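Numbering (the working numbering), first residue to last: 42 to 508. Take a look at the structure set out below.
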Amino acid sequence: MALPRRAAALLLLALLPRTAAHAADAPADDARKAKVAAAKEAALAERRALDEKVNAAIDKGVAWLRKRQKSTGAFPAYGDKLPPNSYNPMDLGVNALAMLTLAKCGVPADDKALEKAKTWCLADYAKMKGLKKVLVYPASVMLLAFEAMYHPEAKDEGGAERGRYGTTVTRKKTPCKYPAAINALVDELAKFLVKHQVAKAGGWRYPGVEAGAPPGDAEMSNTQYALLGLNAAARCGAAISPEVWTRAMAYVLADQEKDGLDGELWLENDAWEPGADEVPRWRSGGKRKARGWRYTPDGAQSLATGSMTTAGVAALAIVKERLAEAGKLTPDAARRLDAGMLDGLVWLAEVFTVEANPTFPAGGAPWHLYYLYGLERVGSLTGFRNVGKHDWYREGATFLLGAQQADGHWEGLKGTMNLTDEHESELVQTCFALLFLRRSTTPPVVPVTPQPTTGDDTAPPTDGRGK
Numbered sequence: 042m043a044l045p046r047r048a049a050a051l052l053l054l055a056l057l058p059r060t061a062a063h064a065a066d067a068p069a070d071d072a073r074k075a076k077v078a079a080a081k082e083a084a085l086a087e088r089r090a091l092d093e094k095v096n097a098a099i100d101k102g103v104a105w106l107r108k109r110q111k112s113t114g115a116f117p118a119y120g121d122k123l124p125p126n127s128y129n130p131m132d133l134g135v136n137a138l139a140m141l142t143l144a145k146c147g148v149p150a151d152d153k154a155l156e157k158a159k160t161w162c163l164a165d166y167a168k169m170k171g172l173k174k175v176l177v178y179p180a181s182v183m184l185l186a187f188e189a190m191y192h193p194e195a196k197d198e199g200g201a202e203r204g205r206y207g208t209t210v211t212r213k214k215t216p217c218k219y220p221a222a223i224n225a226l227v228d229e230l231a232k233f234l235v236k237h238q239v240a241k242a243g244g245w246r247y248p249g250v251e252a253g254a255p256p257g258d259a260e261m262s263n264t265q266y267a268l269l270g271l272n273a274a275a276r277c278g279a280a281i282s283p284e285v286w287t288r289a290m291a292y293v294l295a296d297q298e299k300d301g302l303d304g305e306l307w308l309e310n311d312a313w314e315p316g317a318d319e320v321p322r323w324r325s326g327g328k329r330k331a332r333g334w335r336y337t338p339d340g341a342q343s344l345a346t347g348s349m350t351t352a353g354v355a356a357l358a359i360v361k362e363r364l365a366e367a368g369k370l371t372p373d374a375a376r377r378l379d380a381g382m383l384d385g386l387v388w389l390a391e392v393f394t395v396e397a398n399p400t401f402p403a404g405g406a407p408w409h410l411y412y413l414y415g416l417e418r419v420g421s422l423t424g425f426r427n428v429g430k431h432d433w434y435r436e437g438a439t440f441l442l443g444a445q446q447a448d449g450h451w452e453g454l455k456g457t458m459n460l461t462d463e464h465e466s467e468l469v470q471t472c473f474a475l476l477f478l479r480r481s482t483t484p485p486v487v488p489v490t491p492q493p494t495t496g497d498d499t500a501p502p503t504d505g506r507g508k
């Protein structure tokens, strides 16, 4: 049916402005697309250049580590300065750390350097076991090293998408390939760690008062490493009771600061594109309390630090992963774990730096590279690409590239790292730097990215043990 002449004319007039507007928008839209494409290409080129420098730095660092290995298979450690027939139980931890670093940096398990290091570690472990001097830290790092050597990392499932807020990638499990003797030792080390969880507190510490550890029920550093080790063992089928994880959750939540300064959780907008300004890059995920962690809740080391706050966030991410895997993650536990992680991330964002181990109030603390390795663990375990508005990896890698020494190692007390504790050796610092650059921490098979809500999750529980 034909329209009346007047109606047809009015319809034509109504369409003309829209058509003209569309024609006028076309060049602007093309210009925007070109600008975004150029910005993305520039960002990709920058990332490729950074990757090339990082890979070269890793190669130099690995070469330096190889040169430090002795004919016995051991690496320089605390006991080197002791009288003959003396020992330091932490030497096993230092050597296991070197073994972990080499494996994570791509050295194959049958490489001569790793075989020699493994032989030394197994012999020293047997010695420490006979003397009843096995410590939590060495046992934990041995578990991490064996997994790095014999367990291929899980692969991203096809078709999964990565979001700017955390990660939505589900990863396909891969089988462990432990030699029989190592498989038995992994089970033994896992049982050792479970046995040495402090029942009253739920965390871990150095058994006895070893390695200068202060008296107390538990502390955050050993707790983090015990959970990292147990997590590695669990990924390869070690049977660990869910109660181990729930007790650890109670300890870590209870030791987080009960209050903190008001802060804001900043997330990257999914709709944002580089080179365009219609959508702001950052959006608020809500107001939160910036609450960090300390080495111990009382005593001389009671100040919240970056290294211990990264330890707390990583520990909660591990607990969430393991409880979810066991089908024991209740909605309330997930809420409390997420609240603790998010508040910890806001604390890290408020004091963010890669040039020191931050504290609040500001001042810096020892163990700078330990903190950077902690940032890497937080990013890998939670899936966060940014801490606040900071690209933690780009900033940390840029700093480490500038701080690497000419022969490939990293050091403290001199140069750019004068806040590093004098007892943290060049070898240990080099391992921490390489583990950061390599992005070495194994991500969860199922994402555990903490989810912000509009409810009352910003309020810390009155008692981290659920009371």
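Ideal placement from N, C-alpha and C gives every residue a C-beta, glycine not left out. This one's a predicted model, so the numbers in the text were calculated from it and none came from an experiment.
With DSSP as the reference, please indicate the residues paired to Ser325 in a beta bridge. What you label residue 325 is simply residue 284 of the sequence shown in a count that begins at 1. Partner(s): Trp307.
Please check the pair Asn310 and Arg322, which I expect to be a contact at CB under 8 Å, by giving their CB distance rounded to whole angstroms. Position 269 of the sequence shown, counted from the first residue, corresponds to residue 310. Position 281 of the sequence shown, counted from the first residue, corresponds to residue 322. Correct: roughly 6 Å between the Cβ atoms.
May I have a chain-ordered list of the beta strand (DSSP E) segments no shorter than 3 residues that lie completely inside the region 127-154? none
Gly102 versus Arg480 - alpha carbon distance: On the sequence shown, position 61 is the one that residue 102 refers to. On the sequence shown, position 439 is the one that residue 480 refers to. Each residue's Cα considered, the two are about 15 Å apart.
Alpha carbon to alpha carbon, what distance is there between His409 and Thr461? Along the sequence shown, read from residue 1 onward, the residue named residue 461 stands at position 420. Along the sequence shown, read from residue 1 onward, the residue named residue 409 stands at position 368. Since pLDDT at Thr461 reaches only 48, below the 50 mark, its modelled position is unreliable, and the value read off the structure follows with that caveat. Taking the straight line from one Cα to the other gives about 6 Å.
Report the option in Asp151, Asn136, Trp245, Trp451 whose CA atom is closest to the CA atom of Asp296. Residue numbering aside, residue 296 sits at position 255 when the sequence shown is read from its first letter. The residue with the shortest Cα to Cα distance from Asp296 is Trp245.
When DSSP labels each residue in this structure, what does His192 get in the three-state scheme? Here residue 192 refers to the residue found at position 151 when the sequence shown is read from its first residue. Here His192 sits in coil by DSSP.
Span separating the alpha-carbon of Asn459 from that of Glu452: The count along the sequence shown starts at 1 and reaches residue 459 at position 418. The count along the sequence shown starts at 1 and reaches residue 452 at position 411. Note on Asn459: pLDDT 46, under 50, position unreliable in the model; the coordinate value appears next. If I take the Cα positions, the gap works out to 9 Å.
Specify whether the region 232-239 and the region 128-147 touch according to this definition: at least 3 beta carbon pairs, one from each stretch, less than 8 Å apart. no
Alpha carbon to alpha carbon, what distance is there between Leu386 and Asn427? Taking the sequence shown and counting its residues from 1, one reaches residue 427 at position 386. Taking the sequence shown and counting its residues from 1, one reaches residue 386 at position 345. Rounded to the nearest angstrom, the two C-alpha atoms are 10 Å apart.
How close, in whole Å, do the beta carbons of Val182 and Tyr266 come, if the pair is a contact with beta carbons under 8 Å? By one-based count along the sequence shown, residue 182 stands at place 141. By one-based count along the sequence shown, residue 266 stands at place 225. With 8 Å as the limit, Val182 and Tyr266 qualify as a contact, their Cβ atoms being about 7 Å apart.
Assign Gly510 to buried or exposed, taking buried as 16 or more other Cβ atoms, counted over all protein chains shown, within 10 Å of its Cβ. Look at the range of the chain in this structure, 42 to 508, and you will see that residue 510 is not part of it.
Pick from Leu478, Gly449, Ala317 that is closest to Asp71, judged by C-alpha positions: Looking up residue 71 in the sequence shown gives position 30. For Asp71, the nearest C-alpha among the options comes from Ala317.
What residue does the alpha helix (DSSP H) around Ala374 start on, and which one ends it? Along the sequence shown, read from residue 1 onward, the residue named residue 374 stands at position 333. Its alpha helix (DSSP H) spans residues 372-391.
Thinking just about the alpha-carbon of each residue, which of Ala167, Pro315, Asp151 is nearest to the one in Ala189? Here residue 189 corresponds to residue number 148 of the sequence shown, with the count starting at 1. The candidate whose alpha carbon is nearest that of Ala189 is Asp151.
Taking the Cβ atom as the reference point for each residue, do Thr490 and Gly304 lie within a distance shorter than 8 Å? As a position in the sequence shown, residue 490 is number 449, starting the count at 1. As a position in the sequence shown, residue 304 is number 263, starting the count at 1. Their beta carbons are not under 8 Å apart, which means Thr490 does not touch Gly304 by this criterion.
Are the beta-carbon atoms belonging to Met349 and Met261 less than 8 Å from one another? Here the question's residue 349 lines up with position 308 in the sequence shown. Here the question's residue 261 lines up with position 220 in the sequence shown. Cβ distance < 8 Å, so Met349 and Met261 count as in contact.
Name the DSSP beta bridge partners of Thr482, please? Counted from its first residue, the sequence shown places residue 482 at position 441. BP columns for Thr482 are empty, so no partner.
Would you identify the three-state DSSP class for Thr350, choosing helix, strand or coil? Here residue 350 is taken as the residue at index 309 of the sequence shown, counted from 1. Helix at Thr350.
Hey, is the region 153-162 in contact with the region 114-122, meaning 3+ C-beta pairs nearer than 8 Å? yes
Once the 5 residues before and after Ala62 are set aside, which same chain residues still bring their CB inside 6 Å of it? The sequence position of residue 62 within the sequence shown is 21, counting from 1. In this prediction, Ala62 scores a pLDDT of 49, lower than 50, which makes its location untrustworthy; no coordinate-derived value is stated.
Would you grab the beta carbon distance between Gly301 and Trp388 for me? Rounded to a whole angstrom, and I think it's under 8 Å. Here residue 301 refers to the residue found at position 260 of the sequence shown. Here residue 388 refers to the residue found at position 347 of the sequence shown. That pair is a contact at about 6 Å.
Would you grab the beta carbon distance between Ala331 and Asp379 for me? Rounded to a whole angstrom, and I think it's under 8 Å. Translated into the one-based positions of the sequence shown, residue 331 becomes position 290. Translated into the one-based positions of the sequence shown, residue 379 becomes position 338. Not quite, the Cβ-Cβ distance comes to about 16 Å (not below 8 Å), so this is no contact.
Return the chain-ordered list of same chain residues with a C-beta closer than 7 Å to the C-beta of Gly429, the five sequence neighbours on each side being excluded. Start at 1 with the first residue of the sequence shown, and residue 429 comes out as number 388. Around Gly429: Trp307, Ala390, Phe393.
Examine chain B for any beta-carbon lying closer than 8 Å to the beta-carbon of Gly429, and answer yes or no. Within the model displayed, chain B is absent; a lone protein chain is all it includes.
Thinking just about the alpha-carbon of each residue, which of Gly134, Ser421, Ala154 is nearest to the one in Tyr352? Position 311 of the sequence shown, counted from the first residue, corresponds to residue 352. The residue you asked about is not Tyr; residue 352 is Ala in the sequence shown. When only C-alpha atoms are compared, the closest one is Ser421.
What did DSSP end up calling Glu396 once you bin it into helix, strand or coil? Here residue 396 refers to the residue found at position 355 when the sequence shown is read from its first residue. Glu396: coil per DSSP, three-state reduction.
Span of the alpha helix (DSSP H) holding Ala317? Taking the first residue of the sequence shown as 1, we reach residue 317 at position 276. Ala317 -> no alpha helix (DSSP H), and no H or E assigned at all.
If you drop the 5 nearest sequence neighbours on each side, which residues of the same chain put their C-beta closer than 7 Å to that of Gln492? Mapped onto the sequence shown, residue 492 falls at position 451. If we look at Gln492 and ignore the five residues flanking it on each side, its Cβ neighbours are Asp379.
What is the rounded straight-line gap between the Cα of Val419 and the Cα of Ala80? By one-based count along the sequence shown, residue 419 stands at place 378. By one-based count along the sequence shown, residue 80 stands at place 39. When rounded, the distance between both Cα atoms is 28 Å.
Residues of its chain near Thr366, where Cβ-Cβ distance is below 8 Å and the 5 sequence neighbours each way are ignored: Against the sequence shown, residue 366 aligns to sequence position 325. What sits at residue 366 in the sequence shown is Glu, not Thr. These residues qualify, in order along the chain: Ala275, Val486, Val487.
If you compare alpha carbons, which of Val135, Trp286, Ile281 is closest to Gln470? The residue labelled residue 470 in the question sits at position 429 within the sequence shown. Comparing Cα-Cα distances from Gln470 to each of Val135, Trp286, Ile281, the minimum goes to Val135.
Which one or two residues does DSSP pair with Trp245 in a beta bridge? One-based indexing of the sequence shown puts residue 245 at position 204. For Trp245, which the question treats as bridged, DSSP gives the partners Glu260.
Under the three-state DSSP convention, the category Leu106 falls into: By one-based count along the sequence shown, residue 106 stands at place 65. Residue state, collapsed to three classes: helix.
Could you compute how far the alpha carbon of Gly456 sits from the alpha carbon of Glu465? Your numbering for residue 456 matches position 415 in the sequence shown. Your numbering for residue 465 matches position 424 in the sequence shown. Summary for Gly456: the model assigns pLDDT 43, below 50, so the residue's position carries little reliability; its value from the coordinates is reported in the next sentence. Cα to Cα, Gly456 sits roughly 15 Å from Glu465.
Pick from Thr439, Ala164, Pro283: whose alpha carbon is nearest that of Ala374? Here residue 374 is taken as the residue at index 333 of the sequence shown, counted from 1. Nearest of Thr439, Ala164, Pro283 to Ala374, Cα basis: Pro283.
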